[in-house]
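Those sequence lines, one after another, are chains W and G.
Residue 148 in the UniProt record's numbering sits at position 148 of the first sequence; the count goes up by one each step and never skips.
Residue 273 in the UniProt record's numbering sits at position 273 of the second sequence; the count goes up by one each step and never skips.
Heads up, the beta-carbon is just placed ideally off N, CA and C, and yes, glycines get one too.
Only a predicted model underlies this, so the values are computations on that prediction, with no experimental measurement involved.
There are 2 protein chains.
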Amino acid sequence: MTVLILTSEQDVTADMVVAELNDADVPVVRLDPADLPGGVALSGEYVHGTFRGHLSAGGRLVSTSGLRSVWVRRPGVPAARVAEPSAWLTEESSQALYGMLHGTHARWMNRPDAARRARRKPWQLRLAQRSGLPVPATLITTFPQAAREFAERFPDLVVKPVSGTHPQEPPRAIPTTRVAPDADFTAVAFGPTLLQRRIAKLADIRLTAVGDRLLAARKPAVPDADDVDVRFAPPSGPWQPADVPPRIAAAVRAYLHQAELAYGAFDFVEDADGIWWFLECNQSGQFGFVELDTGQPIARTIAQWLARHGPGPESRPAGPVRVTP
Amino acid sequence: MTVLILTSEQDVTADMVVAELNDADVPVVRLDPADLPGGVALSGEYVHGTFRGHLSAGGRLVSTSGLRSVWVRRPGVPAARVAEPSAWLTEESSQALYGMLHGTHARWMNRPDAARRARRKPWQLRLAQRSGLPVPATLITTFPQAAREFAERFPDLVVKPVSGTHPQEPPRAIPTTRVAPDADFTAVAFGPTLLQRRIAKLADIRLTAVGDRLLAARKPAVPDADDVDVRFAPPSGPWQPADVPPRIAAAVRAYLHQAELAYGAFDFVEDADGIWWFLECNQSGQFGFVELDTGQPIARTIAQWLARHGPGPESRPAGPVRVTP
Chain W
1 MTVLILTSEQ DVTADMVVAE LNDADVPVVR LDPADLPGGV ALSGEYVHGT FRGHLSAGGR
61 LVSTSGLRSV WVRRPGVPAA RVAEPSAWLT EESSQALYGM LHGTHARWMN RPDAARRARR
121 KPWQLRLAQR SGLPVPATLI TTFPQAAREF AERFPDLVVK PVSGTHPQEP PRAIPTTRVA
181 PDADFTAVAF GPTLLQRRIA KLADIRLTAV GDRLLAARKP AVPDADDVDV RFAPPSGPWQ
241 PADVPPRIAA AVRAYLHQAE LAYGAFDFVE DADGIWWFLE CNQSGQFGFV ELDTGQPIAR
301 TIAQWLARHG PGPESRPAGP VRVTP
Chain G
1 MTVLILTSEQ DVTADMVVAE LNDADVPVVR LDPADLPGGV ALSGEYVHGT FRGHLSAGGR
61 LVSTSGLRSV WVRRPGVPAA RVAEPSAWLT EESSQALYGM LHGTHARWMN RPDAARRARR
121 KPWQLRLAQR SGLPVPATLI TTFPQAAREF AERFPDLVVK PVSGTHPQEP PRAIPTTRVA
181 PDADFTAVAF GPTLLQRRIA KLADIRLTAV GDRLLAARKP AVPDADDVDV RFAPPSGPWQ
241 PADVPPRIAA AVRAYLHQAE LAYGAFDFVE DADGIWWFLE CNQSGQFGFV ELDTGQPIAR
301 TIAQWLARHG PGPESRPAGP VRVTP
């Protein structure tokens, strides 16, 4: 039984996991959907109620019935490397590849449709609330008046993009920034704006969830209230392993179960009372920097999850549908 | 409790359903996501573990907790009508709108993530097989040799796009076409190709599923074997209402349940033995032409589904997640 890894050629994070799988003698096929058609080829046959599929990459041929899991790491856009790329060929190739893989019994980290849904920030906030995670008071609005009233109730606010993505091409990260006390919210009408109560933080927390395994790391904050975004703050020492409070662990597992995710990188901030406030869950978040600082075996944990036999609790039941005529 | 319809301004199919909802005195808000931000505004507040959201369109304000259902008909691309459109603002607006709506208890026809998954043709074929629907022998491949061997086993083949979409901009439908007996399959290596055993058909069948209600229509085929695609065949008289065989009805319901769809337009062909062969299920297929020919009350059935109270069997459970600390 083979582990299939969908990612681009340059991906040291995937390299770490592949090394672990090699050490454990687990067969791996790694391919980039950008190479389909071309270096990657596929074939799937639907005859007499059964399905037989094959994938070929780098000279290796694997049967889709022999896949134990699929790791969607950083896959390229299907058909991106053909001589004459087109949106149409990308759609054809994407449907052929993912449509075929979805028909198998393989376990996913993460299923593309669950991953897509899980990227929506407002959905994350609501699910975090329902799962029992503390969420800082947040407003997403295009009503300037709603923004003004919110700022009156919560005078110490930060603003960040709704999607967590970046308006520039090539992408550039926008730091989360504090809202000035005399801010003019008129421009809110021109684009949905996310305002959030600023948590006076003692530390940033990164919790990496791999199946049921939770690995948390903590990094003390620099005592300068203006640096709210850890990515842009001055260095404050390395990440250190941290224990996960039992209530948080239960809530994180509930979140992942409801989101149908096998992997998630949760960002929290810790306040003076020791409360972990949920900021976001990135279903494809990097983990190499945490592993490097803390020595936590995240790559090995992912490899173990991928290597496990049988459908996981995270995967959608793929067996035959019972028909009662 | 209000029905929310997401669609473009010009949509006579939506008009038909709105008329039915008006007749039944069911409040309706209809909006085009392309008008957000602008004519459409929204606000969502996440405070103390609760969520309160509002949408405004055409001078009407509706609370998201007052939505009974959302019909995703033909929505425009979010932020498409702003002065300076950008991919970034589209993503921000899309996340704000759909992320917020996904946090509500409203029933969906259809949920966007389920709809997206359901568009993949190879996934459809596999699900149809598992649901117990007869599927003509099909091959999707980039291996010329696999195509040649398939053509030897099934000499009478048709070819069609994997995605069902069209390579041209503006889009142009590609008819499903017969494969010549001496076809050269070398080009298969340059793009995934779908080959399917041609069914010698007596009739085309369109089955429209609305929740548990199934409405089928039949149109006799013109006896000219080269016109395999009903969209391009010469007229052969109107669609006529047809009874759904019990086994097909059970299989279609199993398909919809597994696909988490509340609406689907199934295309079958009927052979000389009366067997309905599954071709595809379009989760946003048109129904106006069938209603016009057959007089079947499809618009009213959709209106009734949308007007129903309480979460439907098709909607994902949205209640609080149980956390055991």
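Pairing Val135 (chain W) with Phe278 (chain W) gives a Cβ-Cβ distance under 8 Å. Restricting attention to W:Arg247, W:Glu9 and W:Gln283, the CA atom closest to the CA of Glu260 (chain W) is found in W:Gln283. Inter-residue distance for Ala221 (chain G) and Val252 (chain G) is about 23 Å (C-alpha atoms, whole angstroms). Around the CB of Val12 (chain W), fewer than 16 other CB atoms lie within 10 Å, so the residue is classed as exposed. Taking Ala41 (chain W) as the centre and dropping the five residues before and after it, the same chain places the C-beta of Ser56 closer than 6 Å to its C-beta, in chain order.
The DSSP-derived three-state label of Val135 (chain W) is coil. In the three-state scheme derived from DSSP, where H, G and I count as helix and E and B as strand, Trp276 (chain G) is classed as strand. For Ile248 (chain W), the secondary structure class from DSSP, reduced to helix, strand or coil, is helix.
Residue pairing for Met100 (chain G): DSSP places it in no beta bridge.
Here Phe51 (chain G) is buried, its C-beta having at least 16 other C-beta atoms within 10 Å. In the structure shown, Ile205 (chain W) falls within a strand segment according to DSSP collapsed to helix, strand and coil.
In the three-state DSSP reduction, Trp239 (chain W) falls in the coil class, being neither helix nor strand. Selection G:Trp305, G:Ala265, G:Leu306 and G:Glu280 evaluated against Gly288 (chain G) yields G:Ala265 as nearest (Cα-Cα). Separation of the CB atoms of Ile298 (chain G) and Leu215 (chain G) is rounded to 6 Å, and the pair is thereby assigned contact status at 8 Å.
The C-alpha of Ala19 (chain W) is placed about 52 Å away from the C-alpha of Gly38 (chain G).
When Cβ-Cβ separations below 8 Å define contact, Lys121 (chain W) makes contact with chain G. Each residue's CA atom was taken as its position, placing Ser86 (chain G) and Arg213 (chain W) some 39 Å apart. According to the DSSP assignment, Glu291 (chain W) belongs to the alpha helix (DSSP H) that extends over Gly288 to Thr294. In the DSSP annotation of this structure, Val18 (chain W) is not part of any beta strand (DSSP E); the continuous alpha helix (DSSP H) holding it starts and ends at Val12 to Asp23. Per the C-alpha coordinates, the member of W:Met1, W:Arg30, W:Ser43 and W:Met16 positioned closest to Val188 (chain G) is W:Ser43.
The C-beta separation of Thr2 (chain G) from Val62 (chain G) comes to about 5 Å, placing the pair in contact by the 8 Å criterion. For Ala146 (chain G), the neighbours in chain W by C-beta distance under 7 Å run, in chain order, Ser43.
The three-state secondary structure of His309 (chain G), taken from DSSP, is coil. At a cut-off of 8 Å between beta carbons, Leu279 (chain W) makes no contact with chain G. Using a Cβ distance threshold of 8 Å, Tyr263 (chain W) and Ala128 (chain W) do not count as a contacting pair. Proximity of the segment 148-164 of chain G to the segment 102-111 of chain G falls short of the contact definition, fewer than three beta-carbon pairs being nearer than 8 Å. For Arg81 (chain G), no chain W residue has a C-beta closer than 8 Å to its own C-beta; the minimum C-beta separation is roughly 12 Å. For the segment 96-115 of chain W, the set of positions with a beta-carbon nearer than 7 Å to some beta-carbon of chain G reads Ala96, Tyr98, Gly99, Met100, His102, Gly103 and Asp113 in chain order. 8 Å or more divides the Cβ of Asp267 (chain G) from the Cβ of Ala217 (chain G).
Under DSSP, the beta-bridge partners assigned to Gln196 (chain W) are W:Thr138 and W:Val158. In the three-state reduction of the DSSP assignment, Thr64 (chain W) falls in the helix class, which pools H, G and I.
Residue pairing by DSSP places Glu45 (chain W) opposite W:Arg52 and G:Leu139 in a beta bridge. Counting only Cβ-Cβ distances below 8 Å, Ser284 (chain G) has no contacts in chain W at all, with the closest Cβ about 16 Å away. Within the same chain, and ignoring the five residues on either side of Trp71 (chain W) in sequence, the residues whose Cβ sits closer than 6 Å to its Cβ are Ile5, Met109 and Leu306. Check the Cα spacing between Arg153 (chain G) and each of G:Arg197, G:Ala79, G:Ser94 and G:Trp123: the tightest is with G:Arg197. Annotation: Phe190 (chain W) to Tyr46 (chain G) spans about 21 Å, alpha carbon to alpha carbon.
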